[in-house]
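Written below as C-alpha cells is the structure these notes are about.
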Amino acid sequence: SAALGPRARMGYTVAPPHVSDDDVAKGAETALKDGTWKKEGDQYKEKGGSVAVSKKDFHKAVKAQLEVDAVKKRKKKIKKEAEALLSSGAWKSAEGKNGKSYYYNKNDKSEVIWDLEEHVGKELGYVSKKDKKEKKEKKDKE
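The sequence shown begins at 870 in our numbering and counts up one residue at a time.
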C-alpha cells in the first residue's frame, strides 16, 4: 500500500481521479519507453528493482503511480488557487486565540475556515466533504 503513503500523511485527502484502463495502457507504454520499467520475457521489472512481476502487477503499479501523479497535480492546483485567493484579498489570514492561523472571507467575516487549501479542494471537487467528518469521528474514538 505504498501508493497510500503520501495521501495518508496529508491533513486532508485529495481523491485520485478515475484512472481508466486506457490511461493505464498508455502509462505502461510510456514506462517501458522511458526505461522506468523493462520487459523480461513475460515479466516486468522496475528500473533499479530486483523483483520481476506479472503484466497484471505491472499494470497495477502503473495505475498507482498515475493516481499519485494526479493527486500531486491536483494539490499543486489547489495550492495555486489558495494562494490566488489570498493575494487577491478575497480571503484574509488571521491568528486565532489558540495561536493557530485561520482564514476568513473578506466579504463575509462570519465565513471562517482553518484550512484554506482544503476549502479550495472541496470547491474544486477534489476533496470529498465526508472525508473530514470520518477523520473527526475516528479521532473522537481514539
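Where is the CB? At the ideal position from N, CA and C, for every residue including glycine.
- Item | Assigned secondary structure, K962 (DSSP; H/G/I helix, E/B strand, else coil) | Before going on, a small fix: residue 962 reads as Ser here, not Lys. Note: S962 maps to strand in three-state DSSP.
- Message: At the level of alpha carbons, what is the spacing between G978 and V888?
- Response: Note that residue 978 is Lys in the sequence shown here, rather than Gly. So the alpha carbons of these two residues sit roughly 39 Å apart.
- Item | Other residues of its chain near A939: CB distance less than 8 Å, five sequence neighbours each side excluded | P885, P886, V888
- Pairwise C-alpha distance: K924 and A872: With a pLDDT of only 40 at A872, under 50, the local geometry of the prediction cannot be trusted, and no value is derived from it.
- Terminal residues of the beta strand (DSSP E) in which S970 lies: 970-974
- Item | Residue span of the beta strand (DSSP E) that contains K914, given as start and end | 912-915
- Query: Where does V931 fall in DSSP's three states?
  - Reply: helix
- Task: State the DSSP-derived secondary structure class of E987, mapped to helix, strand or coil.
- Result: helix
- Query: From A959 to D984, what distance separates their C-alpha atoms?
  - Reply: Computed Cα separation, rounded: 15 Å.
- Query: By Cβ distance below 6 Å, which residues in the same chain neighbour P875 in space, the five residues on each side in sequence not counted?
  - Reply: Low confidence applies here, because P875 scores a pLDDT of 40, under 50, leaving its location unreliable and the question unanswered by this model.
- Task: Measure the C-alpha to C-alpha separation of L955 and E909 and round it to an integer number of angstroms.
- Result: Using only the alpha carbons, I get a separation of about 52 Å.
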